[in-house]
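J.: The structure follows.
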Amino acid sequence: MVRAEPTADRASQAPANAAAAAAPAPSAEPSPFAGQVRRNFARGAVRYGREARLQRAVAWRLARHCRDLAIPAGPCADLGAGTGLLAGSIERLRPELRLLRVDNCPALLAQGAPDTASLPWDLNGGLPPQLGGAALLGSSFALQWLEQPERQLEHWGGQLRPGGWLALAVPTAASFRQWRAAAAAAAVPFTGLELPEAMGLEGAVARHLEIRLCRRLRFSRPAPSALGFLGQIKAIGAQASHGPRLRPAELRRLEAAWPNATGNRLEWEVLLLLGRRPGAA
Ligand SMILES: C[S@@+](CC[C@H](N)C(=O)[O-])C[C@H]1O[C@@H](n2cnc3c(N)ncnc32)[C@H](O)[C@@H]1O
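Those letters in the sequence shown? Residues 880 to 1160, per my numbering, in order.
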């Protein structure tokens, strides 16, 4: 794997073009939560490729929407790339493109395909300077981990060059209704990550981009047991949350409420969105 050098000094992230100057300055403070997210994903890194079936399917679907886009010359990246599922899918369908894999978890980047360029980078501080004037910014199942998803999304849109594209897939707040219902029935807190509202994300994209595709898709997978499901999330390192941890007695109550309240499947709502920066490419 070819690794691009991280730029430690976020204060030097001056906008690379006039258009970028319109984007708000993202927060530059590294947060304890970002560190927890990185450590969890690092622990699950070796298993991620095998276990992340939903992420693989969504990445492929998003990549298919990029197949016929007129993408101008310029930097292309997969933001929160992990092992590079989205970047790899786009490159298979568009062999002329090379995407920089940007992620805060070096252990996941290291699981990516050899001979691909990657950059360890905390996206809570905004985009790395080399992506100013980007031609394609893709991101799948990553934006929800950032401290301010809407603000970062608006910043991403503002960094695209005229004619440049944003290709986004992100799970939304309408996910996990069954899990919430089971938690309520068991009188325990919902301990999943709070996911962003689709409407707010769509609004953030529309501030800089023309929305060319906007779909809210529903995916579900079998989850016959609460402990089994929580174990699956943990296996890929996606268990970080701002909520409390359940005590053993609370876990037992959640497990007891699970089949009745949830049926046997859990659902995700995934926002799939393509936006283009207005102007001639
Ligand atoms: C569920 S994984 C998705 C990875 C990949 N996009 C995929 O579809 O398989 C979420 C990714 O977001 C990355 N991530 C989380 N917080 C981040 C941050 N602050 N900066 C950069 N990447 C971050 C994680 O390291 C992880 O690789």
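We treat Cβ as the ideally placed atom computed from N, Cα and C, and that holds for glycine.
(1) Taking the alpha-carbon positions, what's the Ala1053 to Arg1132 distance?
(2) Could you pull out every residue in the same chain whose Cβ sits closer than 8 angstroms to the Cβ of Arg1124, ignoring the five residues on either side in sequence?
(3) Give me whichever residues DSSP pairs with Trp1147 in a beta bridge.
(4) Pull up the distance between the alpha-carbon of Glu1026 and that of Ile1115, whole angstroms please.
(5) Starting from Arg932, trace the beta strand (DSSP E) both ways and give me its first and last residue.
(6) Where does Ala938 land, buried or exposed, given buried means 16+ other C-beta within 10 angstroms?
(7) Could you compute how far the alpha carbon of Ala1064 sits from the alpha carbon of Arg1030?
(8) Does the segment 1039–1058 come into contact with the segment 1143–1157, if we say contact requires no fewer than three beta-carbon pairs (one atom in each stretch) closer than 8 angstroms?
(9) Any idea if Leu1106 is buried or exposed, counting beta-carbon neighbours within 10 angstroms, 16 or more meaning buried?
(10) Counting beta carbon pairs with one atom in the segment 983–996 and one in the segment 919–927, are three or more of them shorter than 8 angstroms?
(11) Nearest-angstrom Cα distance between Pro1127 and Val1067?
(12) Here's a check: name, in chain order, each residue in its chain whose Cβ is nearer than 7 angstroms to the Cβ of Glu1089, leaving out the five neighbours to either side.
(13) Need the endpoints of the alpha helix (DSSP H) that Trp1044 sits in, please.
(14) In the DSSP assignment, find the unbroken beta strand (DSSP E) run with Gly1017 in it and report its ends.
(15) Going by beta-carbon coordinates alone, are Ala966 and Leu978 separated by less than 7 angstroms?
(16) Give me the DSSP bridge partner(s) of Arg1155.
(17) With C-beta atoms as the reference, is Leu1013 less than 7 angstroms away from Cys945?
(18) Leaving aside the five residues before and after Ala1119 along the sequence, list all residues of the same chain whose C-beta is less than 8 angstroms from its C-beta, in chain order.
(19) First and last residue of the alpha helix (DSSP H) that includes Arg1124?
(20) Taking 6 angstroms as the line, does the beta carbon of Asn1003 fall inside it for any heavy atom of ligand 1?
(21) Between which two residues does the alpha helix (DSSP H) containing Arg1056 stretch?
(22) Can you tell which of Ser968, Leu941, Leu1006 and Gly1042 has its C-alpha closest to the C-alpha of His1034?
(23) Quick check: is any heavy atom of ligand 1 less than 6 angstroms from the C-beta of Asp982?
(24) Could you give the DSSP three-state label for Ser968: helix, strand or coil?
(25) What would DSSP say about Pro903, mapped onto helix, strand or coil?
T.: Taking the definition as stated:
(1) As a working mapping, residue 1053 is identified with position 174 in the sequence shown. As a working mapping, residue 1132 is identified with position 253 in the sequence shown. Per the coordinates, the alpha-carbon of Ala1053 lies some 24 angstroms from the alpha-carbon of Arg1132.
(2) For this step, residue 1124 is matched to residue 245 along the sequence shown. Around Arg1124: Thr1070.
(3) Along the sequence shown, read from residue 1 onward, the residue named residue 1147 stands at position 268. Answer is Phe1098.
(4) Walking along the sequence shown from the start, residue 1026 turns up at place 147. Walking along the sequence shown from the start, residue 1115 turns up at place 236. Using only the alpha carbons, I get a separation of about 20 angstroms.
(5) Position 53 of the sequence shown, counted from the start, is the residue given in the question as residue 932. Not the beta strand (DSSP E): Arg932 falls in the alpha helix (DSSP H), residues Arg932 to His944.
(6) Numbered from its first residue, the sequence shown carries residue 938 at position 59. Buried is the call here.
(7) Counted from its first residue, the sequence shown places residue 1064 at position 185. Counted from its first residue, the sequence shown places residue 1030 at position 151. Going by the C-alpha atoms only, they are around 34 angstroms apart.
(8) Enough Cβ pairs lie closer than 8 angstroms, so yes.
(9) Along the sequence shown, read from residue 1 onward, the residue named residue 1106 stands at position 227. The residue in question, Leu1106, is exposed, as its Cβ has fewer than 16 Cβ neighbours within 10 Å.
(10) yes
(11) Here residue 1127 refers to the residue found at position 248 when the sequence shown is read from its first residue. Here residue 1067 refers to the residue found at position 188 when the sequence shown is read from its first residue. Looking at the two C-alpha atoms, the distance is approximately 11 angstroms.
(12) The sequence position of residue 1089 within the sequence shown is 210, counting from 1. Here the set comprises Gly1154, Arg1155 and Pro1157.
(13) The count along the sequence shown starts at 1 and reaches residue 1044 at position 165. Judged by DSSP secondary structure, Trp1044 falls outside any alpha helix (DSSP H) and instead within the beta strand (DSSP E) spanning Leu1039 to Pro1050.
(14) The count along the sequence shown starts at 1 and reaches residue 1017 at position 138. Residues Ala1013 to Ser1019.
(15) Indexing the sequence shown from 1 puts residue 966 at position 87. Indexing the sequence shown from 1 puts residue 978 at position 99. Yes, they are a contact pair.
(16) Counting from one through the sequence shown, the residue named residue 1155 turns up at place 276. Answer is Trp1044 and Glu1089.
(17) Looking up residue 1013 in the sequence shown gives position 134. Looking up residue 945 in the sequence shown gives position 66. The amino acid at residue 1013 is misidentified as Leu; the sequence shows Ala. Cβ atoms of Ala1013 and Cys945: not closer than 7 angstroms.
(18) Your numbering for residue 1119 matches position 240 in the sequence shown. Here the set comprises Phe912, Gln915, Val916, Asn919, Trp1024 and Leu1072.
(19) To locate residue 1124, count along the sequence shown from 1; it is residue 245. From DSSP, Arg1124 is part of no alpha helix (DSSP H); its letter is neither H nor E.
(20) Within the sequence shown, numbered from 1, the residue matching residue 1003 stands at position 124. Answer for Asn1003: yes, Cβ within range of ligand 1.
(21) Position 177 of the sequence shown, counting from 1, holds the residue named residue 1056. Start and end: Arg1056 to Ala1065.
(22) One-based indexing of the sequence shown puts residue 1034 at position 155. Looking from the CA of His1034, the closest CA among Ser968, Leu941, Leu1006 and Gly1042 belongs to Leu1006.
(23) For the purposes of this step, residue 982 is taken as residue 103 along the sequence shown, with counting starting at 1. Yes, the Cβ of Asp982 comes within 6 angstroms of a heavy atom of ligand 1.
(24) Residue 968 sits at position 89 when you count from the first residue of the sequence shown. Helix at Ser968.
(25) Position 24 of the sequence shown, counting from 1, holds the residue named residue 903. Any reading at Pro903 is ruled out, since the residue's pLDDT is 45, under 50, leaving its predicted position unreliable.
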